Every structure is written in C-alpha cells, then in structure tokens.
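Have a look at the structure below, then the notes.
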Amino acid sequence: MRTKIAQLRAEIEALTASNAEELEKLRIRLLSKKGEITSLFNDFRNVANEEKREMGVLLNELKQAAQEKINTLKESFAKRQEDNTVGDLTRSALPLKIGSRHPLSLVKHEIAAIFSRLGFSIAEGPEIEDDWHVFTALNFPLEHPARDMQDTFFVERNPDILLRTHTSSVQVRVMENRKPPIRLIFPGRVYRNEAISYRAHCFFHQVEGLYIDREVSFADLKQALLYFAREMFGSETRIRLRPSYFPFTEPSAEMDISCNICHGKGCAFCKHSGWVEILGCGMVDPNVLKNCGIDPEQYSGYAFGMGVERIANLKYRTKDLRLFSENDIRFLEQFRAAF
Ligand code: PHE
C-alpha cells in the first residue's frame, strides 16, 4: 500500500488536464466511489494494526492533495473561459480604425438642427417619382425646359416615371396628405442629367423647407432664412434676396449670403462680388396650393430649397463636387474632428 500511495502522490503532483472534461475524468478515476484513492481507503481495513496510524495519515494527505490539485485546475479553466468572453481572440492586434461622418451628413444634420429650433420637423419622399409630383402639380408648363430630356432621368423610357430633379416633389406629397399648419423640411438626394465635372454632378442633395399656415408672409420667410444663415455661417452673416423665378412660387427669390471667406471684400470664391448664392425660395403659388387640395383663400405659405453640397463647399471650402461621392478615405478622414 505504501508504494501505491507514493506512486499516486507523484502522479497527482504531475497531473495536468487540458479541458474541464478531461479533469472530470481524472476526478472519477481517483476520487469517485470506485476511484483508485477510494479503493485504497477500502483496503485500509487490511492494514496491520501497527501500521494503521502512519497509513491513515498518508492516505488522508493523498486524498487532500488530489482534491486540491483538482480544484486548482478547475479554477484555472473557469478563469480561462472568463478571459475568452472578454475579448475576441481572433481580433487584429492593431487598434481598430474609427470612421468619420460624411461631410454631407454633417451639413444635413446641422441644417436640420437649425430649422428644428424654429419648429420644423423632417419628412421624406421617394427618389423615383411621377411627373405630377415633380412637375405638373408644381405649375411647370408642359413646354418648360426643366422637363427636357437633358435634365431629367426617365425610368424605362416611361415619360411619367422619373428620378426626382428636386425635393419640391415632397412638398406636393405632404400638402396632399396633411392639413395646415405644415412646418417641415425635406432632405434628400436628387438627380439631373448633367455632365460630371468639379461643379456639377448627376446626383446631389437638397434640403427643402415648407411652411403653410394662415397669414404666412414673405417677412416670415426672410426672418427664418436670416436666422438660418447666421446660425450656419456666423452671427456677422448678412443676407440678400434677389428677385427670381420658379414656377411653383410667386414671388420668387434667390438668396445670397455675404461671402464667409473674404467677408465681403471680394475673393475668387465669390467672384469678387462679396456675395454667394445659397438657395431659392418664395411664397407657394396659390395654384400649387389648389393642386394639392389646400384652399389658397385661407392659407398661404413659403418654401425654400438649398443644395447641401453648396453649403458644404462654403463651410469646408471644398472645391470639387466629385470628392463627395468618391469615397476617398484621405478626403473623408479630414472631417473626423468636425463633430
Ligand atoms: N426646387 C428648386 C430647385 O431645385 C429650389 C426651390 C425650392 C425654390 C423651394 C423655391 C422654393 O432649384
């Protein structure tokens, strides 16, 4: 028995197990009812009386050593498992690269945030539209040049289905489906069949605004746009409204802001005029209200629309429109600190 105990002691000391199942097998082999150590305890009966004391001590020490070894191994497995759940071991050792928001998203969110402070909410509409929502309801006469094939992408040669050329189509959808007061902005992508260059692209982004209520006036429009310009480009910014023409607004205007690059002194960006154009606007034409089921005798409203790329160009001084859609990381990474 003495040699058997010594043998097992040595074995226990050297014991290793590579996983919890293996460890359980070891425990069963040594300590279960039919285990080797348990059977030594059974044999204890047959030990000569004068040896009983010594053997008893050795046996108990053996059992304790086995128990302790098994417990330590078990703990080490549990810990290993915990470590595994903490991190993905297949992950690259290099730090993860964090992306940045796209400059057009930054600008769009900023525009939305400014108008939300004036009580405007956001609505969206489809990019594939029909003639009614993009042109007819908006008072475009049939022979209007904007309907020309040069500007509009038609879908599957059907002259009625097209990619919207402006977000004003969402005005129509909203007026058809809601009752005034309406105070909304519509951000979205628009498409025009233009040759791609540094200053034109076949798709770009607009944010349109619409406010319809009783007694909305041109002065309300001016005030909202002045607030927007100062929030976006700084409190020193001045605005200028020039008479213009859009089929769906009357009167119509284009708005310039004082050039935020040369502060009105004149530079290449503002073509030495001190002013840069940023949006189109006007009072919604009564005929458009009527087309959309709103009574022009009771309600009036204003609308405006701006190009997001244009605002981004002014804000970040980017000079080539194509940069916004090329996904060049070197360009996009420069906006990491913007927000
Ligand atoms: N839809 C016009 C455009 O794309 C912009 C505009 C919107 C003008 C609303 C007036 C009112 O140029």
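Be aware that the sequence shown starts at 1429, since it is given in the working numbering, and climbs by one per residue.
Virtual Cβ for every residue (Gly too), placed ideally from N, Cα, C.
A quick note: this is a predicted structure, and the numbers were derived from the prediction, not measured.
- Under the three-state reduction of DSSP output, residue 1645 falls in the coil class, being neither helix nor strand.
- Burial is judged here by how many other beta carbons sit within 10 angstroms of a residue's own beta carbon; residue 1444 has fewer than 16 and is exposed.
- The alpha carbon of residue 1713 has as its nearest neighbour, out of 1446, 1634, 1603 and 1584, the alpha carbon of 1603.
- With contacts defined by Cβ atoms closer than 8 Å, residue 1595 and residue 1614 form a contacting pair.
- DSSP, reduced to helix, strand and coil, places residue 1504 within a helical segment of the structure shown.
- Our two residues, residue 1521 and residue 1751, have alpha carbons roughly 32 Å apart in a direct line.
- In the three-state scheme derived from DSSP, where H, G and I count as helix and E and B as strand, residue 1701 is classed as coil.
- Distances between the C-beta of residue 1634 and the heavy atoms of the ligand PHE include at least one below 7 Å.
- Under the three-state reduction of DSSP, residue 1711 is assigned to strand.
- Counting every other CB atom within 10 Å of its CB across the protein chains shown gives residue 1442 a total below 16, marking it as exposed.
- About 6 Å separates the beta carbon of residue 1566 from that of residue 1675, a gap short enough to meet the 8 Å contact definition.
- Annotation for residue 1494: 1440, 1458, 1459 and 1465 place their beta carbon closer than 7 Å to its own, counting only its chain and skipping 5 residues before and after.
- Distance from the C-beta of residue 1628 to the nearest heavy atom of the ligand PHE is not below 7 Å.
- Counting every other CB atom within 10 Å of its CB across the protein chains shown gives residue 1662 a total below 16, marking it as exposed.
- Annotation note: the segment 1444-1489 contains the following uninterrupted alpha helix (DSSP H) runs of length 4 or greater, listed N- to C-terminal: 1448-1459 and 1464-1471.
- In this structure, residue 1616 keeps its C-beta atom at 8 Å or more from the C-beta atom of residue 1600.
- Annotation: the continuous beta strand (DSSP E) that includes residue 1670 extends over 1667-1674.
- Taking non-hydrogen atoms of the ligand PHE into account, the C-beta of residue 1680 is found less than 7 Å away from one of them.
- Here the distance from the Cβ of residue 1732 to the nearest heavy atom of the ligand PHE is below 7 Å.
- Going by DSSP, residue 1723 is part of no alpha helix (DSSP H) at all; its letter is neither H nor E.
- Take residue 1611, set aside five residues on each side of it, and the residues of its chain with a beta-carbon closer than 6 Å to its own are 1547, 1548 and 1639, in chain order.
- In the three-state reduction of the DSSP assignment, residue 1741 falls in the helix class.
- Fewer than three beta-carbon pairs drawn from the segment 1465-1484 and the segment 1525-1544 are found closer than 8 Å, and the two stretches are therefore not classed as touching.
- By the C-beta density criterion, residue 1637 is buried, having at least 16 other C-beta atoms within 10 angstroms.
- Beyond the five residues adjoining it in sequence on each side, residue 1620 comes within less than 6 Å, by CB distance, of 1579 and 1593 in the same chain, given in chain order.
- Annotated three-state conformation of residue 1537 is helix, per DSSP.
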